[in-house]
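What follows is a short report on a single structure.
Residue numbers (our numbering): 82 to 463.
This is the structure:
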């Protein structure tokens, strides 16, 4: 472990700011992230390309209200019954917004229009919303109809292989389909889905083999494997992976750094924690909420003399403190054995900053006469 800590680089270049989003093409009718789609003149259009483009823009924006309005408009005509692109666009919108019942209604009405996009959108919707078994059954029905899966279908299938019982039944079939479709090691999205499927089901060794077989490795894939090792209580292996990640020339993002700080907390290595904190500062990531909360928790759980001073400094530099960061700080003070009045004072500050600002003052004064009711409300906000 000491060798791993010593291997961390002393200096890394500051991460450049993200590039600005590309401007919309001159002939683009719909912005990528629309601000007021409901007022767009194309809402009154019945042309399939206009309707599908507007549905796609609403899906990107997560505008379920507009999607339902467009659906009502489509029901007044026959476009939804004869145009697969429009129907798929509506189905995809409901899928991305998590409206399972609405997505299913659209899918069931597409008897003669279903294609691989339709089946995949519905399967993904089910897998993401707690209906994993239904997702796998739907993919099986698709295969029986003669359609072959694409990369997105296989990602949905891999995501649905959880809990473990489903993985034991279907996981091998998913791996076989990936091989059959020629996507083993060649598609980053499919590789990531397989790594996640295997790791979530406790097979980190196989997940690592899938990772090793990928032709292209991105920051996202590295971070996924590192985070799964941390969650699998294999913090030392996660540190070794992180060192390989740095040696390959990659720079950590907020998710990589957050996972590594969790690994450091698990290991109880203050030295590694200080180096990660320094690295986060150099990379401009220390002010991120996830990273900052992790640092507060890490210092609060360490046993060094100045631990709470470090935790408090990180806490005070956070752009905004939430329940998670407050809880980490207060828990740290409790564990460090500070006086009870200090802890209660911090708890009062947390209530004042987070909770009382969300409760109207007059309502709060009324609830003071009913402490039990107030306690239930505050606990419900945690």
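No residue lacks a Cβ here, since even glycine has one placed at the ideal position from N, Cα and C.
Between the CA atoms of residue j and residue i - distance to the nearest angstrom
i           : j           : result
residue 319 : residue 260 : 28 angstroms
residue 188 : residue 227 : 18 angstroms
residue 243 : residue 234 : 16 angstroms
residue 280 : residue 376 : 25 angstroms
residue 155 : residue 161 : 6 angstroms
residue 299 : residue 345 : 23 angstroms
residue 143 : residue 177 : 7 angstroms
residue 265 : residue 179 : 29 angstroms
residue 262 : residue 324 : 33 angstroms
residue 404 : residue 130 : 46 angstroms
residue 185 : residue 168 : 12 angstroms
residue 321 : residue 232 : 30 angstroms
residue 258 : residue 225 : 14 angstroms
residue 307 : residue 410 : 26 angstroms
residue 240 : residue 229 : 18 angstroms
residue 458 : residue 406 : In this predicted model, residue 458 has a pLDDT of only 48, less than 50, meaning its place in the structure is not dependable enough to derive any value.
residue 170 : residue 327 : 41 angstroms
residue 348 : residue 292 : 24 angstroms
residue 398 : residue 372 : 12 angstroms
residue 181 : residue 383 : 44 angstroms
residue 128 : residue 433 : 54 angstroms
residue 387 : residue 286 : 38 angstroms
residue 141 : residue 148 : 11 angstroms
residue 354 : residue 379 : 7 angstroms
residue 248 : residue 356 : 39 angstroms
residue 192 : residue 213 : 22 angstroms
residue 363 : residue 278 : 34 angstroms
residue 199 : residue 157 : 22 angstroms
residue 396 : residue 424 : 15 angstroms
residue 391 : residue 414 : 12 angstroms
residue 150 : residue 190 : 18 angstroms
residue 238 : residue 416 : 44 angstroms
residue 334 : residue 166 : 36 angstroms
residue 270 : residue 422 : 52 angstroms
residue 255 : residue 311 : 25 angstroms
residue 343 : residue 236 : 27 angstroms
residue 430 : residue 389 : 17 angstroms
residue 66  : residue 159 : Here the chain comprises residues numbered 82 to 463, so residue 66 is not present and cannot be evaluated.
residue 208 : residue 305 : 19 angstroms
residue 221 : residue 138 : 31 angstroms
residue 412 : residue 374 : 13 angstroms
residue 172 : residue 350 : 49 angstroms
Counted within 10 angstroms of its Cβ, other Cβ atoms place residue i as buried (16 or more) or exposed
i           : result
residue 104 : Summary for residue 104: the model assigns pLDDT 44, below 50, so the residue's position carries little reliability; its value from the coordinates is reported in the next sentence. Flag for residue 104 reads exposed.
residue 245 : exposed
residue 163 : exposed
residue 250 : exposed
residue 301 : exposed
residue 195 : buried
residue 146 : exposed
residue 274 : buried
residue 268 : buried
residue 426 : exposed
residue 272 : buried
Residue i versus the options, residue with shortest Cα-Cα distance
i           : options               : result
residue 314 : 283, 391 and 324      : 283
residue 133 : 174, 190 and 395      : 174
residue 401 : 392, 368, 382 and 387 : 368
residue 252 : 231, 270 and 276      : 276
residue 317 : 341, 241, 391 and 151 : 341
residue 394 : 153, 329, 358 and 296 : 358
residue 337 : 430, 352, 350 and 360 : 360
residue 183 : 408, 414 and 210      : 210
residue 153 : 136, 305, 141 and 256 : 136
residue 330 : 339, 352, 310 and 303 : 303
residue 332 : 354, 310, 355 and 366 : 366
residue 408 : 391, 385, 381 and 390 : 381
residue 352 : 414, 335, 385 and 370 : 385
residue 309 : 295, 296, 288 and 294 : 288
residue 223 : 197, 208 and 236      : 197
residue 370 : 339, 389 and 343      : 339
task = Would you be able to state if there are at least three C-beta pairs under 8 angstroms between the stretch 189 to 204 and the stretch 215 to 227?
result = yes
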